[in-house]
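Read the structure below first, then the notes.
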C-alpha cells in the first residue's frame, strides 16, 4: 500500500462515518450554540484568531513556562487590539478567548477582579476606577487564598486594621501562612487587586473578612510598591495553567485610604464603628461555580477528538470486509465514549440554563430580593462537584480510549486535562462542597411537612414530592421517566437514611448523598430538555429523535453508575431466578449505544470545532490522523539536529566506557 | 504568631503523629524492602546519588524537554561512572535508578533490548554482542509498535524479506503506518535495536513477526545509517516521560546479515526454509507486565506525601484544642488515603511474589518446561490491568486530597502521575488485556469437571473450588476470610454468568469479569500474606497486627468497590427492614480506618523515602510544608527578574491602550 492510499483510507473512513449520520448538523450546531446568530459570531471571531500568527498553537507544546507566560501576555495584548479594531462586544471577546483555548492571566481580571469590584465598590471608587478596569487601563487580581487557608475564608490571617487618625487601613501579613498564594495574574502582571483581609477595628474588634482595593505595582515602573513582596508561585502539576502567573503577596504594614474598602455591603464609619451589611452578598463563589461547571465544552473537545480517532483507527479483529475493525466499533470503546458525548450535550445545555438563572438572581438581588440565593447556591454547589468530577474523568477516559497514541501531546487532550483537573479542588474543593449540598438537602427534607405544596418545591428538591408515596417504577428503559424516577427515588431514600441516622453514618455517606441529590436534579432537568426538544430547540424530526436518544443514554448510564445505591435500598431487587437484575438496564445501554454509534461523528461535528480550535493531530477533521501525527513530530526541537549535542557530552563517553569494559573498540564494530 | 512558631506547629504536628504510631518502623521497612541487607544497600546507593550534584532535582520542573533529555543522558553517563567506581551490582544500579526517580532512555536498553537479545539471539550473535550490550558499549532499543499498530503484533507492516543470494534480510517500511513509533531510546540515543518485522520467505511466504538485530547509527558519527530515517516523536501529554527519546524509524530496503535474525526459537535455512520454534517463547509482554505492575512504590510515594501533608494541614472545624482539625482527621480524607496506603503495601508484596514466580518460570523454561507459562500469563495480565488502573487513580486521589496546593508542581505528585499514567495503555492496553484474563478464566471454568482435584487448581483459579458448593458467608468483617470468600464467590458467579450467556452480554461485562477474577486472586494472596506475617515477615507483635489490619482494609475496600456485583448476584441481600445491607461493611471500613489513623505516618515512614527521593515540598519529612513551598517558589525562573520582559513588550502597551480608551493617563493614578 502506498502512503497516498493509506491516507485515503483514514480520510474515507471518517467521511463514511460522517455520511452515515442522519442528524442535521447545522441545526444541531445552532442548538448547542444558542442560535444561528451566536454561531455566526463564533465563526467570524474564531476565523480572525485562527488567521493571526500571534495565536499560532503549533509550537505551544515545545515552550518553557516562561515562554508560555510571555506568549500569554502577547496574546492578551493582541486580543484587545483586535477587540478595538473590530469593535468586539464582551461576548465576542469571550468567543475569541475560547478559540485561543488556554487559561490566561487576564481571565482573572475579567471573571474575578472586575465583577467583585463592580458589585461591591462604593460609588466613589466606581467613579474613579470602573472605566479604567473595564478598558484594562489597570490590570487586577483577586487576593483571597493564603498559604495556610483556602476555602475556609473565616480563618484567613491577613489583617486590615483601621487607623482612625489617618482614615486609613493598614494591610498586613502577620505570618508565613498568611501569604496570599495561588492568586491568578498576581505573580508578574497585575497593577491592582482586591484583597480579602480580616477587618480589625479600634479596640481590636475582629469583624471578619472584608475586601480592600489596593494598588500593587507602580504604574510607571511596574515594580511592586513599597512594603509589598510579590512573585510567581511556580509551575503547576502536569504543566497545567502554564501561561497564568498565579502569584504570592506579602504585605508589610501597607496603608490604603479608607475609601478603598469595598463598602457596598458593609462599612466602617470615620470613628471606626462597623455598619452591618444591608443585603445578602452575592456569593463570589457562586459565580465561579458556573465558570468551572461550564465543563461541557471541555468534554465536547475530548469527545470530538476521541470519536474521530477511534473511527479511523483500525485494530484487532478482521471483519467481513477483510479489514480490521474500527476501534470505536468495539463495545469496550463505544461504551466508554458515547456516554461522554452525552455528558457534553447535557452539560452545555445545563450551563446555559444556569446562566439564565444566575442572571435572574442577580437582577433580583440588585433590587434587594435574595429569595433565589439559597436555591441557586445549592444547585451550583452540586453541579460544580458533579460536572467537574465527571468532566475530569471523561477527558482522561477519552484520552485512554485512544490507546498508546493518546499519550502523545499531539493527541491534544493532555493540555485540556491539565487545565481542567484543578477544577476539582479550586473554587470550593469538591469534598468540602459536598457538605453544602447535604446541608441544603437535609434542610429541605426536614422542612417538608404534610402541608407542603409539592408544586412549590424548588428544582433542587423536586424529588421530595415522592415522599408522598413510592413511585411505581417501570422497567421500560426506553422511556426517560423510568431512569428519572429511579434517580429521584434513590435521592429520597438516601436523604431519608442520612436524616434518620445522621450520627451513625459511614465515611462515604456524604459523597453518596451529594451525588444522589445532584443526579436527581440533573435527571429531572434532562427530562425537561427532552420534552422541549421539539418545541424550543429548533431541532426537528430525526435530529430531535437522535438528541433525545443521547439524553436518554445520559439518564441510563447515570442509573448504571448509581446501581450500588439502587440495589442497596432494594429499589431494584434480585430476581427470583438469581439472575442479575441489572441486566435489562445494562442491555438497554448497549442497545442504545449501538443505535447512536452511526450518529457519533455527526453529533461531534455539531460542536463545530475547527482544527485550529481543537489543535489535535489525532482529531483532525479530515481523519488524516497518522499523517498529522507524523507532521507534528517533525517539529519537535530535538529533531532539528541530526546528532544531539548530548552525544558529544554524554552518550559518546558512555559508549567508550562500555567498549573499554567489554574489551572491544569502536573500529571493531 | 511569628513565622518560627508557625513552622514549629507543622513540625510538631508531624512529630506528634509519628510518636503516636505503635509500629516498629525499621522492622516494617525491612519487611517492605525484602530484608535489612537490601535496605542497607538502598541507603548506601541512594546516599551516593543524593550527594552528587548531577542528580539534583531542584530545577527539574523548570526545564524544557530538550534540557530534560540532555540531563537524562548526563545522569545515565554519571550513573555508569559511579557503577564502575563503586563496583555496583545490577541490583544496586537499579536502586540508584529508583533514587533518580525519572524514566530514562537507558531503561529501555535494560528492560527490553538486553533481555530480548539475551533470550532469543543465537550463540554467534551472543558471542559478538552480549558483553558489549551488558557494558553499554552499544546502546539499544526494542522496535515493535508502529504508527498503525500496537498490541496486535500480527498486523505489523514492517517487512524482513529473506534474500537467499546474499544470505541477508531486507528490512523495509512499506507504508507511513508501518513507521516504528513510540520506541523508547530510539529518537536520538540508540546505536542498535531489535526490530519486529514480518518475515517474508522466498515465494512470498509470510511467516509472521520475527525479531532482527540491527545497527541504527554510525558508531563514529552517531548519524543514522543509510536508508534509515530516525527521529523523536515529540512531547507526551502532561509532560510525562520528558527525558526518554521515544522515537520513530523508517527503513528503506535496509540489508542485514542472516545471522542478525534472533534465531533461538525460529530459524531460516540458507535456502530460505522456515524452521519452526521448538519451545514456547517467553513472552516479552509478560516481563513488562511485571515492570508496570510494580506500581506499589509509585502509590507508596503518593501515600507518603499526602498523608504527611494532610497531617500538618489544619483547616475547617475548630476542635476542643482550639485549633482547626488536621485535614486527615476528616472521614472524607482518611477514607480516601488509608486504602491507598493499603494498596501500596499489598502491591509491593505482590510484586515481590510475582518476581519470584517469574524467576522460577524462566528457570523452568530454559529447561524446556513451559508448564507455568499460561498460568503466569493469566496472572500477570490481570495484575497489570488492576494495579495500573488502581495506581493511576490512587496517585490522583492522593493529590486531590491535598486540596489547592496539590496542584502545585512542588507537591511532587504531578510528575509521578504523568510518568505512571501511560501504564494503562502501553505494554498491553488494559481493555485489550481484559480479554486475555477472560479467555483464561473461561478456559479454567470450562475445564472444571466433577473429577477436578480442587487442591491442584492453580492460584489464578483457586476460587473455582467453590463450584463444589456455595460457601457460607459470614458477616464478621473483622476476619480476613469473610471478604476473601465474598470476592471469590463473586468471581465464581460472574464467570458462570459469562460462560452461560457469552453471546448475550452487555458492554461492561468483560471489564467486570476481568476485575472480579483478578480481585479474587489478589484477595487470596492477601489472605496468605496475613497468615504468614508472623512467621515470615520479621514483623512481630503489634507491628504484625497493624500491618494485618492494613491488609484487611485492602480486602474490605475491595469488597466495597465490588458491591454492585455482590448485590446484583444476591450475594448480599437487602435486609427485611429495608435498611441498606451494605451498612455493616461500610461501618467496618470506617472503624478500621479510625484504628489505623494513628499508624498512618509510621506506616508511610516504613517505605523509607528520603526527602531527596520524594522531591516534594508538601511531603517533607519534618512536616515543614509551608516553608518548603515558599522556598521552592523562590526558585521559579519568572521570579529572577523583578519586572518581567513581558511588561515592556505586552503589558505596558495594554495598559496604555486601556488608559487611552478610559480617557485617563498614567500620571493621574
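Protein chains in written order, with UniProt numbering: chain X, 1 to 669; chain D, 1 to 669. The beta carbon of each residue, even a glycine, is placed where N, CA and C say it ideally should be.
Next item on the list: Check residue 261/D in the structure and name its three-state DSSP category.
Entry: strand
Notebook entry, point to check: Looking at the structure shown, is residue 159/D part of a helix, part of a strand, or coil, going by DSSP?
Noted result: strand
Next item on the list: Take the Cβ of residue 20/D as the centre, count every other Cβ of all protein chains shown within 10 Å, and call the residue buried at 16 or more, exposed below.
Entry: exposed
Next item on the list: Kindly say whether residue 58/X, judged by its beta-carbon, lies nearer than 8 Å to any beta-carbon of chain D.
Entry: no
Next item on the list: Output the distance between the C-alpha atoms of residue 11/X and residue 324/X, rounded to the nearest integer angstrom.
Entry: 16 Å
Note to self: My assumption, with CB atoms under 8 Å, is that residue 520/X sits in contact with residue 556/X. Please give the rounded CB distance.
What the structure shows: Between residue 556/X and residue 520/X the Cβ distance is about 15 Å, and since that is not below 8 Å, they are no contact.
Notebook entry, point to check: If residue 585/D sits next to residue 498/D, beta carbons under 8 Å apart, how far is it from one beta carbon to the other, in whole angstroms?
Noted result: Contact flag wrong, Cβ pair sits at about 25 Å.
Check: residue 204/X CB to nearest chain D CB: under 8 Å?
Finding: no
Checklist line | Closest residue to residue 432/X among 384/X, 238/X and 191/X (Cα-Cα distance) | finding: 384/X
Next item on the list: Establish whether the CB of residue 61/D and some CB of chain X are separated by less than 8 Å.
Entry: yes
Check: Do we get a CB-CB distance below 8 Å when we pair residue 642/X with the residues of chain D?
Finding: yes
Item checked: Nearest-angstrom Cα separation, counted from residue 165/X out to residue 201/X -> 12 Å
Notebook entry, point to check: Opposite residue 206/X in the DSSP bridges: which residues?
Noted result: 200/X
Notebook entry, point to check: Candidates 513/D, 333/D, 330/D and 47/D: which alpha carbon is nearest residue 92/D's?
Noted result: 47/D
Next item on the list: To the nearest angstrom, report how far apart residue 367/X and residue 210/X are at their CA atoms.
Entry: 22 Å
Notebook entry, point to check: At what residues does the beta strand (DSSP E) containing residue 181/D begin and finish?
Noted result: 180–183
Margin query: Less than 7 Å between C-beta atoms, sequence neighbours within five positions excluded: which residues of the same chain meet that for residue 400/D?
Written below: 406
Margin query: Pop quiz: residue 75/D and residue 54/D are said to be a contact at Cβ under 8 Å. What is the actual Cβ separation, rounded to whole angstroms?
Written below: 6 Å
Item checked: Option in 15/D, 31/D, 24/D and 22/D with minimal Cα separation from residue 537/D -> 31/D
Next item on the list: Kindly list the residues whose CB is nearer than 7 Å to the CB of residue 420/D, restricted to its own chain and excluding five residues on each side of it in sequence; keep chain order.
Entry: 295, 298, 391, 392 and 395
Notebook entry, point to check: Could you give the residue range of the alpha helix (DSSP H) that holds residue 49/X?
Noted result: 36–50
Notebook entry, point to check: What span of residues does the alpha helix (DSSP H) with residue 304/D cover, start to end?
Noted result: 296–312
Notebook entry, point to check: Name the residues in the stretch 615–631 of chain X whose C-beta lies less than 8 Å from a C-beta of chain D; which are they?
Noted result: 626, 627, 629 and 630
Check: Which residues mark the beginning and the end of the alpha helix (DSSP H) in which residue 231/X is found?
Finding: Per DSSP, residue 231/X belongs to no alpha helix (DSSP H); it is in the beta strand (DSSP E), 228–232.
Check: Should residue 648/D go down as buried or exposed, given a rule of 16 or more other Cβ atoms within 10 Å for buried?
Finding: exposed
Check: What residues are listed by DSSP as bridge partners for residue 146/X?
Finding: 180/X
Notebook entry, point to check: Cβ of residue 231/X less than 8 Å from any chain D Cβ?
Noted result: yes
Check: What are the residues of the stretch 593–615 of chain D that lie near chain X, defined by any Cβ-Cβ distance shorter than 8 Å?
Finding: 593
Check: residue 187/D and residue 127/D: beta carbons closer than 8 Å?
Finding: no
Check: Are residue 415/X and residue 64/D closer than 8 Å when you measure CB to CB?
Finding: no
Check: Of all Cβ atoms in chain X, is any one closer than 8 Å to the Cβ of residue 583/D?
Finding: yes
Notebook entry, point to check: By the criterion of Cβ-Cβ separation under 8 Å, what are the contact partners of residue 149/X in chain D?
Noted result: 315
Margin query: Could you check whether the Cβ of residue 1/X sits closer than 8 Å to any Cβ belonging to chain D?
Written below: Confidence at residue 1/X is low in this model, with a pLDDT of 38, below 50, so the placement of that residue should be treated as unreliable; the coordinate-derived value is given next. Answer yes: the Cβ-Cβ gap between residue 1/X and chain D drops below 8 Å somewhere.
Notebook entry, point to check: Comparing alpha-carbon positions, which option in 612/D, 528/D, 120/D and 451/D lies nearest residue 468/D?
Noted result: 451/D
Margin query: Could you check whether the Cβ of residue 89/D sits closer than 8 Å to any Cβ belonging to chain X?
Written below: no
Check: Do residue 357/X and residue 364/X have their C-beta atoms closer together than 8 Å?
Finding: no
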